[in-house]
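S.K.: Protein sequence lines correspond, in order, to chains W and D. Residues 1 to 140 in this note's numbering are what the first sequence lists, from first letter to last. Residues 1 to 140 in this note's numbering are what the second sequence lists, from first letter to last. Virtual Cβ for every residue (Gly too), placed ideally from N, Cα, C. The structure that follows is given in the form of structure tokens.
Number of protein chains: 2
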Amino acid sequence: MPGISIGRLAKAAEVKVPTIRFYEQIGLMPTPERTKSDQRVYGEEAVRRLRFIRHARQLGFDIKDIEALLGLADRPDMPCAEADRIAQSHLDAVDDKIAQLTRLREELSRMTANCSLGLAADCKVIEVLSDHGLCQEDRH
Amino acid sequence: MPGISIGRLAKAAEVKVPTIRFYEQIGLMPTPERTKSDQRVYGEEAVRRLRFIRHARQLGFDIKDIEALLGLADRPDMPCAEADRIAQSHLDAVDDKIAQLTRLREELSRMTANCSLGLAADCKVIEVLSDHGLCQEDRH
DNA sequence: GCTTGATCCTCTAGTGGCTAGAGCTTGTAG
DNA sequence: CTACAAGCTCTAGCCACTAGAGGATCAAGC
Chain W
1 MPGISIGRLA KAAEVKVPTI RFYEQIGLMP TPERTKSDQR VYGEEAVRRL
51 RFIRHARQLG FDIKDIEALL GLADRPDMPC AEADRIAQSH LDAVDDKIAQ
101 LTRLREELSR MTANCSLGLA ADCKVIEVLS DHGLCQEDRH
Chain D
1 MPGISIGRLA KAAEVKVPTI RFYEQIGLMP TPERTKSDQR VYGEEAVRRL
51 RFIRHARQLG FDIKDIEALL GLADRPDMPC AEADRIAQSH LDAVDDKIAQ
101 LTRLREELSR MTANCSLGLA ADCKVIEVLS DHGLCQEDRH
């Protein structure tokens, strides 16, 4: 019969059990039916919703954005410009993050490349951290 | 006379005042002297240490790593292999993060590129999130 | 001396997105 | 029938801060 336990739902959507309860608590997942002994019972709908959430989380969307995207997914007659805006804005944020990490990567790589593995007194890693002037980046 | 208030220290090291108190609380910054009226008084040493911390944080080192690096910086007669190891391991983590974000970026970019800006029913953004099978990545 | 406003103090609670654990009840397989 | 797996609730912890309440103190101008 239709009715999935929280454990099966977790496996079906590849999400951990406590995470599902957490999503319920913050209102991202609806409160499910319960058995007489108070255990949660879900339907297929819950699997779809949870998979959507998991995928969006893997893509780095935050909970607020996911709420908005779920709202749009529930109303197929709405224009999707908003979904595009959310995705585009997240894409921009990811681009920024990549750019920032790439800059960090360069500085870190310079640090370790110059490290003589000698005494700490001559250690480039420590030296660079101690004196921001040694950092060859223009600004941060 | 030598003696810097927490506000001046904050400006000198470009760190916010509550952050300094937080660092003191977790033992990353030493407990400073106090005036009669209980205000913190710092010396030049504190400026150097806090700058070191700030720079390391900007590079993404976590507090534990910074503690270790500060320990090494304080003992110039120690070999710096450990500092190099910390930096190298952090560099590896940053590389991983960049690779991961680059993969995400591609999927996000495919999503928005395919978005017709029509109705949500045809929205590629929502479609991709709903159905992991549409995601062209091999695994995640 | 007095007032004003900036700075200082401590303490608590909140952020995001879970994760871990205690201590209990219920379901299920052999 | 007996394990033990899985369910339940509730609280606390993670990281590195940040925000705010509520009060004391300092520095400068009049």
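#1: In this structure, how does DSSP classify D:Glu107 when only helix, strand and coil are distinguished?
#2: State the DSSP-derived secondary structure class of W:Arg51, mapped to helix, strand or coil.
#3: What does D:Ile20 reach in chain W if we use C-beta pairs closer than 7 Å?
#4: Measure the Cβ-Cβ separation of W:Ala13 and W:Arg75 and say whether it is below 7 Å.
#5: What residues from the stretch 87-99 of chain D come within 9 Å of chain W, judged by C-beta to C-beta, listed N to C?
#6: By the criterion of Cβ-Cβ separation under 7 Å, what are the contact partners of D:Glu107 in chain W?
#7: Whose C-alpha, out of W:Arg48, W:Arg34 and W:Leu101, is nearest the C-alpha of W:Ser5?
#8: In three-state terms, what does DSSP make of W:Pro18?
#9: Taking the C-alpha atoms as reference points, what is the distance between W:Lys124 and W:Thr112?
#10: Roughly how many whole angstroms lie between the Cα atoms of W:Lys16 and W:Leu9?
#11: Where do the N-terminal and C-terminal ends of the alpha helix (DSSP H) with D:Asp62 fall, by residue?
#12: Using a C-beta to C-beta distance shorter than 8 Å, which residues of chain W count as neighbours of D:Asp62?
#13: CA-CA distance, D:Gln58 and W:Arg21?
#14: Could you check whether W:Ile126 and D:Ala73 sit closer than 7 Å to each other, using their CB atoms as the reference points?
#15: Run down chain D in chain order and give the residues with a C-beta less than 7 Å from the C-beta of W:Met111.
M.R.: Quick answer:
#1: In the structure shown, the three-state DSSP call for D:Glu107 is helix.
#2: W:Arg51 falls in the helix class under three-state DSSP.
#3: The contact set of D:Ile20 on chain W, defined by CB atoms closer than 7 Å, is empty, because the minimum CB distance reaches about 18 Å.
#4: The answer is no: Cβ separation not under 7 Å.
#5: Hits within the stretch, in order: Ala87, Gln88, His90, Leu91, Val94, Asp95, Lys97 and Ile98.
#6: Those are Leu59, listed as they occur along chain W.
#7: Comparing C-alpha distances from W:Ser5 to each of W:Arg48, W:Arg34 and W:Leu101 shows the shortest one belongs to W:Arg34.
#8: In the structure shown, W:Pro18 adopts helical secondary structure according to DSSP, grouped into three states.
#9: One C-alpha to the other measures close to 7 Å.
#10: If you take the alpha carbons of W:Lys16 and W:Leu9, they lie about 9 Å apart.
#11: Annotation for D:Asp62: no alpha helix (DSSP H) segment contains it, and DSSP assigns it neither H nor E.
#12: Correct list: empty, because the minimum Cβ distance to chain W is about 14 Å.
#13: Looking at the two C-alpha atoms, the distance is approximately 35 Å.
#14: Yes, the pair counts as a contact, with Cβ atoms nearer than the cut-off.
#15: Correct list: Ala87.
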